[in-house]
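>
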Amino acid sequence: MNSFSPLGHEWTTLQNNHEQYEKSSLLIKLTATVLCALALAEGITVVLIGPTLFVFWLMEGILRTSQSRLGDRLLHIEALLRQDPPAPGAAYQLHSEWQAGRPGSLGLIGEYLANAARPTVAFPYALLLIGGLLL
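Just so you know, the numbering used here puts 1 at position 1 of the sequence shown, and the rest follows in order with no gaps.
#1: Can you tell me which of 122, 91, 133 puts its alpha carbon nearest to the alpha carbon of residue 62?
#2: Given 8 Å as the limit, is there contact between the segment 51–58 and the segment 82–102, that is, 3 or more CB pairs closer than that?
#3: State the Cα-Cα distance for the pair residue 72 and residue 100, rounded to the nearest angstrom.
#4: Residues in the same chain with beta-carbon distance under 7 Å from residue 80, minus the five sequence neighbours each way, listed in chain order, please.
#5: Decide if residue 42 is buried, meaning its Cβ has at least 16 other Cβ atoms within 10 Å, or exposed.
#6: Within 10 angstroms of the Cβ of residue 67, are there 16 or more other Cβ atoms? Answer buried if so, exposed if not.
#7: Can you tell me where the alpha helix (DSSP H) with residue 72 in it begins and where it stops?
#8: Is DSSP giving residue 5 helix, strand or coil here?
#9: Distance, Cα to Cα, residue 133 vs residue 48?
#10: Just how far apart, CA to CA, sit residue 70 and residue 17?
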């Protein structure tokens, strides 16, 4: 890959952003875990902190949806880079491609919920909720 080509530049930028989403996801999980632990230590029941955990869970679902869009574009760019020569005018089309296939409001909500339900996203929140109920 020629990192000086428009596609190479876009790939590098999107890959860095994709990795930043991973860090942000871990920060959301860590914040939710710390807040839950502090609340439980203060005697606040999971019934009261549960809605807050659901907000964190859904926030991460939204974040993962955005990350997924970057991942889809990265895969498309990689396919374009395998072409010889790459298609002209194919770089810098993240938002145009997404807009062309954008689902309606219900579709977006469905995407958010589907990403929130992924095991790597749901794991800590479900565990915190179940653990809080058992305490």
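Positions of the beta carbon are idealized from the N, C-alpha and C atoms, including for glycine.
In this structure, then:
#1: 122
#2: no
#3: 14 Å
#4: 7, 86, 87, 90
#5: exposed
#6: Its Cβ being crowded by 16 or more others within 10 Å, residue 67 is buried.
#7: Segment 46–82, the alpha helix (DSSP H) holding residue 72.
#8: When secondary structure is reduced to three states using DSSP, residue 5 falls in the coil class, being assigned neither helix nor strand.
#9: 11 Å
#10: So the two alpha carbons sit approximately 8 Å from each other.
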